[in-house]
Amino acid sequence: RSLSTSTWRLAQDQTRDTQLITVDEKLDITTLTGVPDEHIKTRKVHIFVPARNAMQAGVNNTKKWKMEFDNRERWENPLMGWASTADPLSNMVLTFSTKEDAIAFAEKNGWSYDVEEKKIPKPKSKSYGANFSWNKRTRVSTK
Numbered sequence: 012r013s014l015s016t017s018t019w020r021l022a023q024d025q026t027r028d029t030q031l032i033t034v035d036e037k038l039d040i041t042t043l044t045g046v047p048d049e050h051i052k053t054r055k056v057h058i059f060v061p062a063r064n065a066m067q068a069g070v071n072n073t074k075k076w077k078m079e080f081d082n083r084e085r086w087e088n089p090l091m092g093w094a095s096t097a098d099p100l101s102n103m104v105l106t107f108s109t110k111e112d113a114i115a116f117a118e119k120n121g122w123s124y125d126v127e128e129k130k131i132p133k134p135k136s137k138s139y140g141a142n143f144s145w146n147k148r149t150r151v152s153t154k
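Take any residue in the sequence shown, note its place counting from 1, add 11, and you have its number in my numbering.
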């Protein structure tokens, strides 16, 4: 019992001391990353909110902003027939909670970006009583 209490107190102390550090000035970290210039200067990223899965009714995966990198040169591997690339960032997808965070990250790394605005679906007015209406064709015969 004393172990769980001390662990809980330690976790509480860590959350008190943890604070986010924000820097107001714009930083450029391209010289610190060690990524070759060919992957920085001509790199373009696409920032978007993913669409809802058509096979499910839930919209949980449409709340985060995603960042994908453009596709660079690819070739077919002659031995296995797989698609090969020399670009380490082409298959990486980053997730952000806001659009502004994604844009700030792209600017900090020196990448040009393209933002696709979030599409908000219009709610359709539906009535349960319309299923039993005599003058609307809600149920179509299969014969």
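C-beta atoms are modelled at their ideal positions from N, C-alpha and C, and glycine is treated no differently.
The structure displayed is predicted, hence computed values, not measured ones.
So residue i and residue j are supposed to be a Cβ contact under 8 Å. How far apart are they, rounded?
| i | j | result |
| --- | --- | --- |
| residue 162 | residue 133 | Here the chain covers residues 12 to 154 and nothing more, so residue 162 does not appear. |
| residue 127 | residue 58 | 7 Å |
| residue 113 | residue 78 | 5 Å |
Quickly, what does DSSP pair residue i with across the bridge? List them, please.
| i | result |
| --- | --- |
| residue 125 | 57 |
Under 8 Å, do residue i and residue j count as touching if we go by C-beta distance?
| i | j | result |
| --- | --- | --- |
| residue 101 | residue 80 | yes |
| residue 96 | residue 85 | yes |
| residue 107 | residue 75 | yes |
| residue 37 | residue 111 | no |
Let's test the definition: count the other Cβ atoms within 10 Å of the Cβ of residue i and tell me whether it reaches 16, buried, or not, exposed.
| i | result |
| --- | --- |
| residue 12 | Summary for residue 12: the model assigns pLDDT 48, below 50, so the residue's position carries little reliability; its value from the coordinates is reported in the next sentence. Exposed, by the Cβ-count rule. |
| residue 141 | exposed |
| residue 122 | buried |
| residue 14 | Model confidence at residue 14 stands at a pLDDT of 49, short of 50, so the residue's coordinates are unreliable; what they give is reported in the following sentence. Looking at its Cβ environment, which holds fewer than 16 other Cβ atoms inside 10 Å, residue 14 is exposed. |
(message) To test your reading of the DSSP string, which unbroken alpha helix (DSSP H) runs of 4 or more residues are found completely within the region 60-124?
(response) Runs found: 110-119.
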